[in-house]
Amino acid sequence: EHRPHTILAALGVHDSTAVAASLNKLKQQFGLMPTDEVKWNGMRPIPQQKREALSQELMILLHGSIPLIVINEGRDKQRAAQRSTEQIADFLKRHPYSVAEGERVALYFDEEIIENESRYQQFLLASTESSIASATFASVHSHENAAIQLADVLAGFNRLATEVALGRGNKNLLLREDPSGMN
Numbered sequence: 003e004h005r006p007h008t009i010l011a012a013l014g015v016h017d018s019t020a021v022a023a024s025l026n027k028l029k030q031q032f033g034l035m036p037t038d039e040v041k042w043n044g045m046r047p048i049p050q051q052k053r054e055a056l057s058q059e060l061m062i063l064l065h066g067s068i069p070l071i072v073i074n075e076g077r078d079k080q081r082a083a084q085r086s087t088e089q090i091a092d093f094l095k096r097h098p099y100s101v102a103e104g105e106r107v108a109l110y111f112d113e114e115i116i117e118n119e120s121r122y123q124q125f126l127l128a129s130t131e132s133s134i135a136s137a138t139f140a141s142v143h144s145h146e147n148a149a150i151q152l153a154d155v156l157a158g159f160n161r162l163a164t165e166v167a168l169g170r171g172n173k174n175l176l177l178r179e180d181p182s183g184m185n
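According to my numbering, the sequence shown is numbered sequentially starting from 3.
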């Protein structure tokens, strides 16, 4: 409908250190430096075939996470973050075993997503879900956080899938069976 939307992706990961190690190993395989940021757009140019192979490997890496997507009408990134947090709370309510008892949920956002930290903190405290009300949050630089980089890639994959589903653009896609056996 020609209205702007914000796509925000969230990843649930159990071991952020393992995610970072896996992403760094993948970067090394594709000739990237550990400090290179993997993202959907704005990444250091690499040949198309290599980029496609990297995308396939990133999809496999995403299999180890809990992916959540919010498509929010408008450009209010903080509102999208709140909707994403509600989605996380809903997931945790349905899957309470996802967080160990006594463990606090930690939420990390790419810089500039949370524009008003005190307002977001009030939003968390007002939550009826204790796992979210007691959550910690921080804004981080995406180039320093592997999960944020993977969330950016997930958002890009989702945007592409949405555009294709809506019949937009002239996207040349080659569908392949996932090597893990999942389609």
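Where a beta carbon is used, it is the ideal one built from N, C-alpha and C, also for glycine.
On a predicted model such as this, the values are computed, not experimentally measured, just so you know.
Tell me where the beta strand (DSSP E) around residue i begins and ends.
i    : result
G158 : It is not in any beta strand (DSSP E) - G158 instead sits in the alpha helix (DSSP H) that spans 148-167.
L109 : 108-112
Which partner residues of residue i appear in the DSSP bridge assignment?
i    : result
H7   : E75
V142 : D112
P69  : L13
Compute the Euclidean distance between the alpha carbons of residue i and residue j, then round it to the nearest angstrom.
i    : j    : result
V40  : L64  : 13 Å
L70  : S86  : 8 Å
A20  : H145 : 16 Å
S182 : S132 : With a pLDDT of 49 at S182, under the threshold of 50, the predicted position of this residue should be treated as unreliable, though the coordinate-derived value follows. If you take the alpha carbons of S182 and S132, they lie about 36 Å apart.
Q31  : P6   : 37 Å
W42  : F159 : 8 Å
N118 : Q80  : 8 Å
K52  : S129 : 44 Å
N165 : R77  : Here residue 165 is Glu; the residue named in the question, Asn, does not match the sequence. If I take the Cα positions, the gap works out to 18 Å.
E113 : A12  : 14 Å
V72  : G33  : 32 Å
L177 : G66  : Confidence in L177 is poor, its pLDDT being 49 and thus under 50, which makes the residue's placement too unreliable to answer from.
Since residue i and residue j should fall inside the 8 Å C-beta cutoff, what is the C-beta to C-beta distance between them, to a whole number of angstroms?
i    : j    : result
F111 : F93  : Going by Cβ atoms, the distance from F111 to F93 rounds to 17 Å, so no, they are not a contact pair.
V15  : A102 : Contact flag wrong, Cβ pair sits at about 14 Å.
L56  : L152 : That pair is no contact at about 12 Å.
R170 : S136 : That belief does not hold up - the Cβ atoms of R170 and S136 are roughly 41 Å apart, past 8 Å.
I187 : A83  : With the chain covering only 3 through 185, there is no way to say anything about residue 187.
H68  : R161 : In the sequence on display, residue 68 carries Ile and not His. Going by Cβ atoms, the distance from I68 to R161 rounds to 19 Å, so no, they are not a contact pair.
At what residues does the alpha helix (DSSP H) containing residue i begin and finish?
i   : result
L63 : 50-64
V21 : 18-31
Enumerated in chain order, which unbroken segments of the alpha helix (DSSP H) with a length of 4 residues or greater are wholly contained in the segment 81-137? 119-127, 132-135
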